[in-house]
Amino acid sequence: PHTPTTTSRVLSECDLYMSSYVNDPDMKSVKENFDRQTSQRFEQYEERINVKRQKCKEQCDRDIQKIIVKDKVEKSLSEKVEKGCLRCGCGLGGVAAGVGIFGALGTYGWKVAATATAIEFATQEGIKAGIQAAIEQIKITVFNSLLNVEWLNFINASNYNSIAGLVEAVKAAVVSTERTSELSSNTMDRVRNALSEAENWFSPAVREGTQTTASTITTVQRTQLVDVTATSTYSYMAIAYSVIAILIIVLVMIIIYLILRYRRKKKMKKKLQ
Numbered sequence: 022p023h024t025p026t027t028t029s030r031v032l033s034e035c036d037l038y039m040s041s042y043v044n045d046p047d048m049k050s051v052k053e054n055f056d057r058q059t060s061q062r063f064e065q066y067e068e069r070i071n072v073k074r075q076k077c078k079e080q081c082d083r084d085i086q087k088i089i090v091k092d093k094v095e096k097s098l099s100e101k102v103e104k105g106c107l108r109c110g111c112g113l114g115g116v117a118a119g120v121g122i123f124g125a126l127g128t129y130g131w132k133v134a135a136t137a138t139a140i141e142f143a144t145q146e147g148i149k150a151g152i153q154a155a156i157e158q159i160k161i162t163v164f165n166s167l168l169n170v171e172w173l174n175f176i177n178a179s180n181y182n183s184i185a186g187l188v189e190a191v192k193a194a195v196v197s198t199e200r201t202s203e204l205s206s207n208t209m210d211r212v213r214n215a216l217s218e219a220e221n222w223f224s225p226a227v228r229e230g231t232q233t234t235a236s237t238i239t240t241v242q243r244t245q246l247v248d249v250t251a252t253s254t255y256s257y258m259a260i261a262y263s264v265i266a267i268l269i270i271v272l273v274m275i276i277i278y279l280i281l282r283y284r285r286k287k288k289m290k291k292k293l294q
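If you count the sequence shown from 1, you need to add 21 to reach the numbering used here.
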């Protein structure tokens with residue numbers, strides 16, 4: 022019998038396309054290791070991505086929270102400043118009105134009181150001058166012979182402007198002089214005769230005292246009223262300047278309020294856009 026000396030090799034279709042490593046145990050092990058390592062790396066990558074994603078999310082949340090808090094603080098601060106400016110403006114407006122009204126009323130009341138005081142002062146000064154004028158007029162008459170008489174102790178505001186009052190004052194002075202000093206009978210006779218003719222002797226003194234009183238009152242009163250008017254005018258001007266200054270401050274406060282309000286609304290509109 023014929024014995025073949027060569028081995029025939031026939032490649033089937035399956036054998037042609039089949040990998041030579043399919044059934045290789047080493048290759049299987051390599052593939053398994055590769056798949057396992059690749060899976061592990063993908064898992065690690067996914068974990069890192071998740072961690073980073075979580076960190077980014079937390080950071081974004083913190084940033085958003087900071088922005089919200091900052092916006093709230095800015096809004097609250099802006100509103101407080103606006104309300105403060107508005108309240109300050111309204112308050113100062115009320116102060117300006119109060120200063121204008123009550124200041125003017127107070128100044129008017131002071132002027133009325135000061136005018137009354139000036140008139141009273143002028144009257145008192147006029148009476149003092151009238152008394153002194155009456156005394157000087159009496160001294161140049163026969164009554165000058167009454168020595169060491171303190172006429173101001175006898176002639177005062179109640180009797181210097183009447184003949185009867187001066188007669189009583191001179192009689193009291195005569196009695197006082199007789200007690201403290203010795204007068205000759207001739208001097209006393211002349212004094213008594215003058216007292217009996219009071220109309221002639223005391224009319225000039227009364228007239229001089231009355232006229233001096235009237236002129237002094239007019240002069241002093243005019244001077245005092247000029248001072249009162251000047252002071253009241255200065256007070257009115259000071260009040261007016263104060264009111265104007267307060268109104269200027271109020272206007273500035275209102276302008277600041279409007280500017281802040283406009284800027285805040287513009288900023289909010291920009292954020293919404």
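Just so you know, even glycine gets a beta-carbon here, dropped at the ideal spot from N, CA and C.
Residues in the same chain with beta-carbon distance under 6 Å from Gln158, minus the five sequence neighbours each way, listed in chain order, please. Translated into positions along the sequence shown, residue 158 becomes position 137. If the five residues before and after Gln158 are omitted, its C-beta is found closer than 6 Å to the C-beta atoms of Pro225, Ala226, Glu229, all from its own chain and listed in chain order.
Between Gly151 and Thr244, is the Cβ-Cβ spacing less than 8 Å? Reading the sequence shown from its first residue, position 130 is the one you call residue 151. Reading the sequence shown from its first residue, position 223 is the one you call residue 244. Taking the C-beta atoms as reference points, Thr244 is found no nearer than 8 Å to Gly151.
Could you name the residues of the same chain whose beta carbon sits closer than 6 Å to that of Met289, not counting the 5 residues immediately before and after it, in chain order? Numbered from 1 along the sequence shown, position 268 holds the residue referred to as residue 289. Once the five neighbours on either side are set aside, Met289 has no close Cβ partner at all.
Reducing DSSP to helix, strand and coil, say where Thr162 ends up. The sequence position of residue 162 within the sequence shown is 141, counting from 1. When DSSP states are grouped into helix, strand and coil, Thr162 belongs to the coil group.
Is the beta carbon of Lys178 less than 8 Å from the beta carbon of Ile148? In the sequence shown, residue 178 corresponds to position 157, counting from 1. In the sequence shown, residue 148 corresponds to position 127, counting from 1. Inspection of the sequence shows that residue 178 is occupied by Ala rather than by Lys. The Cβ atoms of Ala178 and Ile148 sit closer than 8 Å to each other.
Continuous alpha helix (DSSP H) stretch holding Asn207: start and end: Taking the first residue of the sequence shown as position 1, residue 207 is located at position 186. Counting along the chain, the unbroken alpha helix (DSSP H) around Asn207 starts and ends at 206 to 217.
The segment 130 to 149 / the segment 240 to 259 touching (three or more Cβ pairs under 8 Å): At 8 Å Cβ cutoff, the stretches touch.
Have a look at Ala143, Lys287, Arg282 and flag the residue whose alpha-carbon is nearest the alpha-carbon of Lys101. Within the sequence shown, numbered from 1, the residue matching residue 101 stands at position 80. Checked all of Ala143, Lys287, Arg282; the closest Cα to Lys101 is Arg282.
Throw me the rounded Cβ distance for the Asn180 and Glu189 pair, which I believe falls under 8 Å. The count along the sequence shown starts at 1 and reaches residue 180 at position 159. The count along the sequence shown starts at 1 and reaches residue 189 at position 168. About 6 Å separates the beta carbon of Asn180 from that of Glu189, a gap short enough to meet the 8 Å contact definition.
With DSSP collapsed to three states, give me the class of Leu173. In the sequence shown, the residue the question calls residue 173 occupies position 152. The DSSP-derived three-state label of Leu173 is helix.
Determine the burial state of Glu34: buried for a count of at least 16 other Cβ atoms within 10 Å of its Cβ, exposed for fewer. Taking the first residue of the sequence shown as position 1, residue 34 is located at position 13. At Glu34 the pLDDT is 48, less than 50, meaning the model places this residue with poor confidence; the figure from the coordinates comes in the next sentence. Glu34 comes out exposed.
Count the other CB atoms within 10 Å of the CB of Met48; is the residue buried (16 or more) or exposed (fewer)? Indexing the sequence shown from 1 puts residue 48 at position 27. Label assigned to Met48: exposed.
In chain order, which beta strand (DSSP E) runs of at least 3 residues are fully inside the segment 265 to 294? List check, beta strand (DSSP E) in window: nothing returned.
Counting pairs of beta carbons, one from the segment 138 to 148 and one from the segment 209 to 226, are three or more of them closer than 8 Å? As far as the Cβ criterion goes, the segment 138 to 148 does not touch the segment 209 to 226, which means the pair count is below three.
Contact under 8 Å by Cβ, Val191 with Phe164: For the purposes of this step, residue 191 is taken as residue 170 along the sequence shown, with counting starting at 1. For the purposes of this step, residue 164 is taken as residue 143 along the sequence shown, with counting starting at 1. Yes, the Cβ-Cβ distance between Val191 and Phe164 is below 8 Å.
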